[in-house]
Amino acid sequence: VSCPKMQELLKWNGWGYNDSKFIFNKKGVAEFTGKRYRLGGLVLPLLKEWMEKTLGASIEHKTTSRTSLNTSDVPPPIENQEFLQDLRTAKISYSQEAEDRVFRAHGHCLHEILILREGMFKRIPDVIVWPVCHDDVAKIVELACKHNLCIIPYGGGTSVSSALECPADERRTIVSLDTSQMLYEKNLTAHVEAGIIGQDLERQLGESGYCTGHEPDSMEFSSLGGWVATRASGMKKNIYGNIEDLVVHIKMVTPRGVIEKGCQGPRMSTGPDIHNFILGSEGILGVVTEVTIKIRPIPEYQKYGSVVFLNFEQGVACLREIAKQRCAPASIRLVDNTQFQFGHSLKPQVSSIFTSFLDGLKKFYITKFKGFDPNQLCVATLLFEGDREKVLQHEKQVYDIAAKFSGLAAGEDNGQRGYMLTFVIAYLRDLGLDYYVIGESFETSVPWDRVLDLCRNVKERIVKECKERGVQFAPLSTCRVTQTYDAGACVYFYFAFNYRGISDPIHVYEQIEIAARDEILANGGSLSHHHGVGKLRKRWMKESISDVGLGMLKSVKEYVDPNNIFGNKNLL
Amino acid sequence: MAMAAAESSRLGNLLYSQKDFTSKKRDEFEDILEERRQSSDLRYAMKCFTPVVYKGLSPCKPSAIKNIVLQSEQLQYVIKQLSKETGESPDIIQEEASEILDEMSHNLQLGAIRIFAFSLSKIFKRLFQRVRLNEEGIQRLQQAIQEHPVILLPSHRSYIDFLMLSYLLYTYDLSLPAIAAGMDFMVMKMIGELLRRSGAFFMRRTFSGNKLYWAVFAEYVKTILKNGYAPIEFFLEGTRSRTAKTLTPKFGLLSIVMEPFLKREVFDTYLVPISIIYERILEESLYAHELLGVPKPKETTSGLLKARKILSEDFGSIHVYFGQPVSLRTLSSERINRCTYNLIPRHLPQKPSEEIQDFISDVAYKMELLQIENMVLSPWILIAAILLQNLPSIDFALLAEKTLWLKDLTQAFGGFLEWPDNLCAKKAVRSSLALHSNIVNLVNDQVVLNDQGMEAGTTEEVVFKRALSILMCGAYRNQLLNVFVRPSLVAVALQMTHNFRKEEVYGCFAFLRGIFSDEFIFFPGIALKDFEEGCFLLTKCDAIQVTAQEILVTEKGSTIVSFLTAMFKPFVEGYQIIYRYLLKETNEAFVEKQFLSGLGNFGFQLLAAGSSHCYEVLSSDMQKNALAALVRLGIARKMKTNNGFTYAVSKEALNKTAEMFESRIPIRKPVAARL
Ligand SMILES: Cc1cc2nc3c(=O)[nH]c(=O)nc-3n(C[C@H](O)[C@H](O)[C@H](O)COP(=O)(O)OP(=O)(O)OC[C@H]3O[C@@H](n4cnc5c(N)ncnc54)[C@H](O)[C@@H]3O)c2cc1C
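Chains A and B supply the protein sequences, listed in that same order.
Be aware that the first sequence starts at 1, since it is given in full-length UniProt numbering, and climbs by one per residue.
Be aware that the second sequence starts at 1, since it is given in full-length UniProt numbering, and climbs by one per residue.
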């Protein structure tokens with residue numbers, strides 16, 4: 001019975017690596033620990049004030065998580081001895097250790113993390129299995145059918161839709177099928193087993209000069225199979241495409257058998273594309289075991305950039321124009337003023353790339369424009385890729401468009417810093433949790449003509465709901481546009497509030513999140529751009545895809561998995 | 001009790017909230033003229049004017065607004081459409097649109113506002129004793145203006161309404177509203193221009209056929225609203241109510257101002273009901289003439305100047321009540337299927353779905369009911385109601401006694417009474433009579449309707465004069481009707497059914513409510529709730545007892561019940577006469593004009609012959625309402641022809657309704673009414 005080493009590196013009750021986290025040091029100054037990230041080991045003198053000001057948090061008021069798992073709290077496993085016997089015969093490793101089971105009982109939704117810190121799940125997987133190849137998976141699924149068990153596929157565990165939570169009323173043995181040992185990479189044609197984690201995949205391909213270019217913000221921990229199962233989206237989709245554009249071939253084991261296409265033609269007209277039943281199936285139909293994915297040579301040249309706009313409206317108008325001219329860089333993101341200011345608060349004490357942005361800007365702007373308002377400014381960060389000459393050409397084109405919207409180029413450093421922060425921001429929630437601040441992010445996609453209204457209304461709705469529900473401090477309610485398309489954009493929100501004085505914060509939090517989603521839908525936004533539905537957003541499925549649409553999915557499920565072996569209850 | 005099946009489908013219970021009659025708290029009034037009488041008008045007009053603004057305001061000049069409107073995707077789309085339809089070049093249509101905008105656009109200038117403030121101070125002080133308003137309402141409004149775009153929805157009884165409202169807002173340092181005012185003002189050159197400069201914008205009375213006009217207008221209003229440039233003000237009733245009864249709402253403008261929220265172009269929109277009530281209406285005599293079919297003079301400036309005589313008269317007090325701002329977001333929550341707007345690009349014009357139309361209508365009724373709730377009732381209104389039941393004259397002491405009795409009843413029904421300074425009944429009555437000496441006289445302790453010169457003149461003239469006085473008096477009694485209508489229709493139903501079975505009384509009530517829905521304001525689709533409210537109020541003043549099966553009139557109640565029945569008698573009788581006329585005298589099809597003049601003659605003859613005393617049947621308002629009700633109930637058909645509308649009545653159906661109305665046949669039970 002093996003416990004993979006990745007788990008040992010990770011926090012059991014928070015995000016990311018054990019050694020990397022935000023803390024307030026002995027002097028009461030914020031610091032980011034560890035050596036993994038560029039921010040590692042740096043002191044962040046402005047963060048404390050930001051937290052006090054924007055969230056009303058104070059370092060005197062601290063809550064602490066339990067430090068380790070109390071195994072006696074863990075619900076005892078529902079065992080199926082015959083199944084375990086069969087596993088041993090098939091030489092498939094498994095575990096019933098409490099730590100392993102709890103580790104795979106959740107993703108990274110706020111309420112899941114809070115349960116880890118202070119409570120216990122009602123139901124967790126009873127046994128973890130580690131197949132190492134497609135055939136192992138086929139065997140496990142066969143055994144699950146034979147013994148009537150429930151399987152929940154597990155990739156990297158970065159789900160943010162309650163997709164990994166075990167249905168509390170599941171009476172059968174729940175098998176968590178962890179794909180993390182399926183990373184055998186056959187022939188450098190990028191035919192890959194589905195358990196491989198994003199950063200490992202890129203590293204291995206990189207050794208031969210290739211990449212997939214698929215970079216979701218969770219790529220350090222999420223898996224190829226997980227991406228397929230959730231219809232993931234990577235930061236650089238403008239060049240490489242989203243996961244549905246990247247996969248050429250998928251193999252999935254279902255209770256009914258293996259589903260795959262018979263050839264690898266780049267496009268087929270053979271009725272509805274069966275890949276579309278697999279992409280986004282969220283583990284309810286089977287286990288994705290092998291994926292053939294497109295690869296590209298690693299780009300010769302990369303360049304970051306940034307543009308400052310006088311206000312968010314101008315910024316959105318500019319992004320829309322760039323999308324219209326179809327000249328978006330590999331990545332382009334526009335953050336609102338709140339995040340713009342937040343970026344400032346993560347400025348370390350000493351560091352070359354972290355020169356005071358705002359101060360420089362003030363001088364800059366006063367000479368260029370009169371009367372700009374630092375409380376309106378917002379910034380777009382850019383990432384260009386390709387051969388050098390083309391990148392420079394492209395860069396000029398984009399900056400020329402920006403100029404039409406009074407956008408001013410604000411340097412490479414600011415751009416780079418923006419992207420570097422994406423990976424560390426996820427660690428910030430754990431810091432907040434220590435100081436009575438709970439928060440979450442959520443996302444949507446929306447047609448261009450509604451982007452501005454949606455951003456404004458959703459933020460305002462959050463503020464209003466907080467007020468009405470007795471939240472005593474103004475919440476953090478902020479957004480950014482993270483992807484552009486011909487017909488619209490992806491918008492990403494952060495929402496956090498200080499819950500001191502509220503008796504049932506998690507309930508309040510959930511009510512507000514529901515209200516925010518209602519607001520998104522009322523503004524013509526989608527249920528999800530890339531996080532998926534899971535169990536968290538099921539209630540809106542019908543209005544999202546219509547009765548008939550839901551019926552179609554149900555009938556597929558019915559055919560593929562009549563006994564509901566893949567019983568995680570996502571989606572439908 | 002359960003709701004009739006047909007009713008429950010449109011319950012709208014979120015919008016309709018049962019009134020609380022006992023603990024209804026209303027704000028106190030302040031007189032603003034008092035200060036005007038004590039300090040300099042000039043200084044007042046030159047005061048520093050810095051109104052609070054909407055938090056999301058993007059400041060811009062009127063000319064910039066015009067450009068935003070002309071360049072908007074919405075308008076550009078309509079222009080292209082029209083160009084395709086008519087073959088006209090888009091440039092020419094664009095030019096036309098620009099002219100329409102010029103004609104329409106308001107143009108806020110502080111100078112004009114100051115002239116306005118100065119002259120209105122002078123005029124108002126001469127016309128009125130007091131202008132009283134609730135300052136708390138102003139404070140709420142001030143708050144609301146900063147939070148979200150605001151729509152002001154005043155009641156409409158007089159031209160003074162919007163002058164007064166702008167004046168009050170100026171006084172309290174609030175943004176002057178952009179007013180959607182009828183075009184007839186444009187004729188009043190000088191005042192028109194002054195009005196425009198102080199914020200009014202103009203709209204042609206009818207432009208239903210003119211797509212471009214509608215598009216320009218709608219875009220203009222929405223632009224002002226979305227930018228939070230100024231509160232928008234218009235009259236739900238569409239026109240001044242000549243009868244002082246609240247008119248059934250018009251939906252066009254309301255649907256325009258609701259659209260930005262429904263499309264989520266703004267986070268929310270506040271609707272503010274405002275009740276403006278005149279102790280004596282400036283246009284009272286003009287209205288009575290109009291109702292009797294004497295053509296209305298065009299509103300010219302010189303016409304208004306001729307009215308200078310008016311300036312020497314006393315018009316008593318005005319009460320303005322600013323209601324609680326109502327959040328459209330709250331009203332719409334859970335009611336609107338949000339997909340409606342999600343699948344069509346927002347610049348394309350979109351006809352509201354049936355669901356949305358119902359919602360708009362419910363909102364309109366809700367706002368009118370809120371106006372009604374806060375309309376101040378003066379002693380004179382009670383006097384008028386009593387007098388009309390005691391023609392030609394009543395003993396002064398008896399009148400005072402009855403007025404006091406009616407005061408209590410009105411309060412029990414939730415009416416908003418203002419009884420000046422706790423005057424004793426006699427004094428209050430006397431001062432009311434003095435104020436309205438053009439309508440009533442006190443002769444030898446007898447209060448008589450003022451229809452002098454009656455003896456001289458032809459019978460026609462006599463009838464006409466009498467009708468004038470009665471309609472003028474009626475316009476005051478009418479202000480009581482919307483407070484009284486629910487219990488009164490229960491009372492009428494009790495009399496009509498001659499039987500106390502609850503189910504039958506309800507059937508009759510629902511029938512009457514259906515017929516009178518153009519006459520009085522009922523929230524759509526809640527007949528049963530209205531019935532329950534009526535019964536509740538009657539029970540509360542011990543007039544009836546309701547058991548599981550029956551409704552019994554108490555001894556004390558018979559006075560109340562017969563008073564209430566008499567109060568609504570003109571309507572019951574009037575409609576009966578109108579049905580009789582339609583059954584006997586009309587041809588297959590007729591236009592409205594024929595109907596009005598034919599019915600007018602018919603009524604005149606009845607009155608001249610003394611076979612009826614229902615003078616109010618001569619009111620064109622009642623005549624039109626009765627016809628509209630028949631169309632609504634499917635008894636008459638309204639067809640569009642080249643020269644306006646033609647009506648055709650199904651005599652068979654009408655006959656049946658008339659018979660039920662005269663209690664000659666029992667009323668068919670409403671579908672599935674379970675009580
Ligand atoms: C900080 C953070 C940043 C994120 N950023 C992004 C982003 O930029 N873009 C994006 O798209 N998402 C993002 N996500 C969401 C999440 O990372 C994605 O949904 C990711 O695709 C999940 O992969 P995973 O391997 O972690 O799957 P898991 O979380 O383990 O599982 C997710 C779901 O897929 C099913 N599943 C997993 N593997 C398989 C398999 N092999 N076969 C069948 N079903 C399977 C599981 O049963 C479950 O229902 C982010 C999440 C976090 C916490």
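The beta carbon of each residue, even a glycine, is placed where N, CA and C say it ideally should be.
- Could you list the residues in the UniProt domain "Phospholipid/glycerol acyltransferase" (150-279) of chain B with a C-beta less than 7 Å from some C-beta on chain A, going in chain order? Cβ contacts with chain A come from R264, E265, F267.
- Message: Given the structure, does V192 of chain A come close to ligand 3, in the sense that its CB is under 8 Å from one of the ligand's heavy atoms?
- Response: No copy of ligand 3 occurs in the structure displayed; its ligands are ligand 1 alone.
- Is there a Cβ from chain D that is less than 9 Å from the Cβ of N342 of chain B? Going by chain labels, chain D is absent from the structure shown, which instead holds the protein chains A and B.
- Message: With a threshold of 6 Å on Cβ separation, who are the neighbours of N13 of chain B within its own chain once the five nearest residues in sequence on each side are excluded?
- Response: Note that N13 of chain B scores a pLDDT of 42, beneath 50, so its modelled location is shaky; the value from the coordinates is reported in the next line. Counting only residues of its own chain and dropping the five nearest sequence neighbours on each side, N13 of chain B has no CB closer than 6 Å to any other CB.
- Output, in chain order, the set of chain B residues within a Cβ distance shorter than 9 Å of L521 of chain A. Those are R338, C339, N342, listed as they occur along chain B.
- Item | Meets three-Cβ-pair contact criterion under 8 Å: the segment 58-78 of chain B and the segment 160-175 of chain B | Short answer: they don't touch.
- Along chain A, which residues have their Cβ under 8 Å away from the Cβ of R346 of chain B? The answer, in chain order, is D449, R450.
- Query: At a Cβ threshold of 9 Å, is G549 of chain A touching chain B?
  - Reply: Taking Cβ atoms only, chain B never reaches closer than 9 Å to G549 of chain A, which makes this a no.
- How many Å lie between H347 of chain B and E259 of chain B at the Cα? Answer to the nearest angstrom: the Cα atoms are 12 Å apart.
- Item | Buried/exposed call for C48 of chain B, threshold 16 Cβ in 10 Å | Looking at its Cβ environment, which holds fewer than 16 other Cβ atoms inside 10 Å, C48 of chain B is exposed.
- Query: Since L279 of chain A contacts E244 of chain A with CB under 8 Å, what's their CB separation in whole angstroms?
  - Reply: Contact flag correct, Cβ pair sits at about 5 Å.
- Item | Under the three-state DSSP convention, the category C133 of chain A falls into | In the structure shown, C133 of chain A sits in coil (DSSP, three-state: anything other than H, G, I, E or B).
- Task: Please compile the residues from chain B whose C-beta is within a distance smaller than 7 Å of the C-beta of E321 of chain A.
- Result: None at all; the shortest Cβ gap to chain B is about 15 Å.
- Does any CB atom of chain B fall closer than 9 Å to the CB of R539 of chain A? Not closer than 9 Å to any Cβ of chain B, the Cβ of R539 of chain A fails to qualify, so no.
- Assess, as a yes-or-no matter, whether the segment 544-554 of chain A is touched by the segment 480-499 of chain A under the definition of 3 or more beta carbon pairs within less than 8 Å. Short answer: they don't touch.
- Message: Tell me the DSSP secondary structure of G14 of chain A in three-state form.
- Response: Coil, per DSSP.
- By the criterion of Cβ-Cβ separation under 8 Å, what are the contact partners of E465 of chain A in chain B? At a beta-carbon threshold of 8 Å, none of the residues of chain B lie near E465 of chain A; the nearest stands roughly 12 Å away.
- Task: Find the nearest neighbour of residue 574 of chain A within the set A:C166, A:K251, A:L44, judged by alpha-carbon distance.
- Result: Nothing about residue 574 of chain A can be reported from this structure: the residues present for chain A run from 1 to 572 only.
- Query: Going by DSSP, what residues sit across from G386 of chain A in a beta bridge?
  - Reply: DSSP, once it has assigned bridges, lists A:Y301 as partnering G386 of chain A.
- Query: Would a check of beta-carbon distances place I488 of chain A closer than 9 Å to chain B?
  - Reply: Reading the sequence as shown, one finds Gly at residue 488 of chain A and not Ile. Not one chain B Cβ lies under 9 Å of G488 of chain A.
- Query: Hey, how far is the Cα of F309 of chain A from the Cα of I322 of chain A?
  - Reply: So the alpha carbons of these two residues sit roughly 14 Å apart.
- Does the segment 495-508 of chain A come close enough to the segment 47-64 of chain A that 3 or more CB-CB pairs lie under 8 Å? Here the segment 47-64 of chain A makes contact with the segment 495-508 of chain A; the two share three or more CB pairs at distances below 8 Å.
- Report the residue ranges of all beta strand (DSSP E) runs contained in full by the segment 240-314 of chain A; include only those spanning at least 3 residues, in chain order. DSSP runs (the beta strand (DSSP E)) wholly in the segment 240-314 of chain A: 247-254, 257-259, 287-293, 301-309.
- Message: DSSP three-state label for H529 of chain A, please.
- Response: Look at H529 of chain A here: in three-state DSSP terms it is coil, with no helix or strand label.
- Query: What is the rounded straight-line gap between the Cα of T212 of chain A and the Cα of V29 of chain A?
  - Reply: Straight-line Cα distance between these residues: approximately 40 Å.
- Task: Identify the continuous beta strand (DSSP E) that holds H319 of chain B and give its terminal residues.
- Result: If you look at H319 of chain B, you'll find it in the beta strand (DSSP E) that goes 317-322.
- Message: So the candidates are A:P45, A:M420, A:R38; which of them puts its Cα closest to the Cα of E31 of chain A?
- Response: When only C-alpha atoms are compared, the closest one is A:P45.
- Task: Measure the alpha-carbon distance for N25 of chain A versus L47 of chain A and round it to whole angstroms.
- Result: Near 12 Å, if we compare the C-alpha coordinates of L47 of chain A and N25 of chain A.
- Message: Using a Cβ-Cβ distance cut-off of 9 Å, determine whether L454 of chain A contacts chain B.
- Response: Answer yes: the Cβ-Cβ gap between L454 of chain A and chain B drops below 9 Å somewhere.
- Check: W227 of chain A C-beta below 8 Å from any heavy atom of ligand 1: For W227 of chain A, the CB falls within less than 8 Å of some heavy atom of ligand 1.
- Task: Please confirm if the segment 142-161 of chain B is in contact with the segment 33-43 of chain B, defined as three or more CB-CB distances below 8 Å between the two stretches.
- Result: The answer is no - the segment 33-43 of chain B does not touch the segment 142-161 of chain B, with fewer than three Cβ pairs under 8 Å.
- Query: Can you check whether the CB of E30 of chain B is closer than 9 Å to the CB of R197 of chain B?
  - Reply: Taking C-beta atoms as the reference points, R197 of chain B and E30 of chain B fail to come closer than 9 Å.
- Message: To test your reading of the DSSP string, which unbroken alpha helix (DSSP H) runs of 4 or more residues are found completely within the segment 422-488 of chain A?
- Response: Counting only runs of 4+ residues, the alpha helix (DSSP H) found wholly inside the segment 422-488 of chain A occupies 451-468, in chain order.
- Message: At a cut-off of 8 Å, would you count L433 of chain A as near ligand 1, judging by its Cβ distance to the nearest heavy atom?
- Response: No, since every heavy atom of ligand 1 falls outside the 8 Å radius drawn around the Cβ of L433 of chain A.
- Query: What first and last residue would you give for the beta strand (DSSP E) that runs through S437 of chain B?
  - Reply: Where S437 of chain B is concerned, there is no enclosing beta strand (DSSP E), given that its DSSP letter is neither H nor E.
- Straight-line CA distance for S524 of chain B to F342 of chain A? A quick correction: the sequence has Pro, not Ser, at residue 524 of chain B. Each residue's CA atom was taken as its position, placing P524 of chain B and F342 of chain A some 51 Å apart.
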